[in-house]
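Working notes for the structure below.
In our numbering, the protein residues as written are 299 to 784.
What follows is the structure, given as structure tokens:
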């Protein structure tokens with residue numbers, strides 16, 4: 299194998315990589331089974347949400363209202379409602395009673411949450427459920443309690459996210475240290491699965507954690523590529539005759555990501571690309587992004603009068619005498635929107651290049667100049683936000699917005715949308731993936747997204763054709779509801 303290849307760079311010393319499908323065929327690890335579940339959500343009281351925004355945004359500038367509305371949209375997309383988390387928890391509780399290996403106490407499961415606050419909500423739900431999981435689950439996450447982290451969090455507007463996590467961890471662990479708690483949880487999970495049936499994780503334990511008892515992994519987090527493949531392989535370890543497969547239950551519609559991640563480990567998909575070519579493509583794009591972002595920033599501040607001090611900047615971007623008394627207020631509002639957008643883009647583009655400056659088209663002197671400009675840009679952005687009244691203290695609003703999500707977004711019962719009981723994931727990816735690639739025109743064979751589309755279409759077709767009388771194999775897709783749909 300040539301050293302210049304991506305695959306060769308990963309396996310430089312042991313020759314040809316030992317592929318995942320080969321390991322399955324040799325009986326070194328188990329194959330995987332995949333199931334996708336969908337939970338539809340809907341806003342139950344849009345009028346109440348509108349009324350809340352009407353009251354809370356009085357007195358805010360138009361830009362501040364836009365920032366708050368944007369944050370609301372982000373929270374709706376990123377944060378699941380408590381109702382949705384409870385539906386997932388109910389699914390897992392049911393599986394604990396119905397799935398033979400989980401019910402017997404010989405196997406257990408992992409739940410991948412999207413964030414530490416979501417992990418805490420899952421944990422509270424299980425603890426209050428009165429089910430078998432009430433006393434047999436634990437959180438293992440990268441969080442350490444520290445009093446200073448909640449200092450200054452008190453806003454008088456409800457419990458903040460940091461306060462909530464700190465409270466749950468305090469209730470959970472009491473006087474026990476994080477290290478002792480996690481050590482005992484992991485010992486039980488590996489050695490006594492009947493006493494520790496579920497580990498709730500976020501990012502920890504998804505690589506390198508070896509627990510043969512782990513049989514099911516429930517995923518409620520956006521994941522892809524190497525990290526996703528490593529996560530699903532937590533459940534493919536051999537563990538006695540009663541463990542035939544590892545099972546993936548997907549609540550984020552990650553099939554295409556899973557297919558791609560597994561295919562990368564069952565093929566030599568990157569052999570035709572030199573490592574230098576791949577790295578060069580990424581570097582060239584980062585260089586271009588930084589140059590474009592810098593030009594945009596310089597063009598924006600070019601209109602500010604000399605000597606471009608704070609006084610000139612505030613005059614150009616904000617209305618010191620008040621919006622109602624400034625005939626240019628609307629134009630200045632547009633300038634501020636551009637300022638917030640362009641300064642952020644410049645900072646991100648600079649960070650991408652500065653992280654790995656070797657091999658870029660920027661010299662140290664030029665990068666140093668960019669760094670000073672970025673620092674100045676962020677300083678101007680923050681100062682203008684405060685001066686213009688566009689700054690929004692999210693601690694005053696986020697507790698109430700999370701309350702709206704939890705109480706006015708309803709989740710339906712989960713629905714199985716892809717059930718692959720009769721075909722393994724490796725067979726699915728290898729047979730259908732190879733056939734799909736062979737059927738593509740030659741010009742499209744390098745376009746992996748086209749292959750992924752063809753694979754998924756073949757999978758859906760396979761399920762329908764081979765299961766005509768089984769209603770659980772029917773494909774359903776809940777209609778997306780507005781911007782907030784996950």
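Using N, Cα and C, we set each Cβ at its ideal position, and we do this for glycine too.
Item, Value
"Give me, in chain order, the residues of the same chain whose beta-carbon lies closer than 7 Å to that of residue 703; leave out the 5 immediate sequence neighbours on both sides.", "373, 374, 377, 379"
"From residue 624 to residue 666, what distance separates their C-alpha atoms?", "38 Å"
"What residues are listed by DSSP as bridge partners for residue 406?", "512"
"Exposed or buried, residue 630, counting other C-beta atoms within 10 Å across all chains shown (16 or more means buried)?", "buried"
"Residue ranges of each alpha helix (DSSP H) run of no fewer than 4 residues wholly in the stretch 329-385, ordered along the chain?", "344-354, 360-376"
"Count the other C-beta atoms from every protein chain shown that fall within 10 angstroms of the C-beta of residue 511, then say buried if there are 16 or more, exposed otherwise.", "buried"
"One question on the structure: do residue 405 and residue 518 come within less than 8 Å of each other, judged by their Cβ atoms?", "no"
"Have a look at residue 499 and residue 655 and give me their C-alpha separation to the nearest angstrom.", "34 Å"
"Starting from residue 614, trace the beta strand (DSSP E) in both directions and tell me its first and last residue.", "Looking at the DSSP string, residue 614 is not in any beta strand (DSSP E); the run it does join, the alpha helix (DSSP H), is 608-615."
"Under a three-way DSSP split, which group does residue 548 fall into?", "strand"
"Residue 682 to residue 459, Cα distance in whole Å?", "28 Å"
"What's the C-alpha gap between residue 425 and residue 470?", "10 Å"
"For a test of the three-state rule: what should DSSP assign to residue 496, helix, strand or coil?", "strand"
"Do three or more CB pairs link the stretch 631-641 to the stretch 695-711 at distances below 8 Å?", "no"
"Tell me where the beta strand (DSSP E) around residue 602 begins and ends.", "Element bounds for residue 602: n/a, residue is neither H nor E."
"Rounded to whole angstroms, what's the CA-CA distance from residue 715 to residue 545? Just pull it up for me.", "15 Å"
"Tell me the rounded alpha-carbon separation between residue 483 and residue 494.", "7 Å"
"Return helix, strand or coil for residue 317, following the three-state DSSP convention.", "coil"
"Taking residue 365 as the reference, give the member of 438, 688, 393 with the closest Cα.", "688"
"Can you say whether residue 394 is buried or exposed, counting buried as having 16 or more other CB atoms within 10 angstroms of its CB?", "buried"
"Starting from residue 438, follow the beta strand (DSSP E) in both directions and report where the run begins and ends.", "435-438"
"Would the stretch 473-489 count as touching the stretch 425-440 if we require 3 or more Cβ pairs under 8 Å?", "yes"
"Can you round the beta-carbon distance between residue 501 and residue 440 to whole angstroms, since I take them to be within the 8 Å contact cut?", "6 Å"
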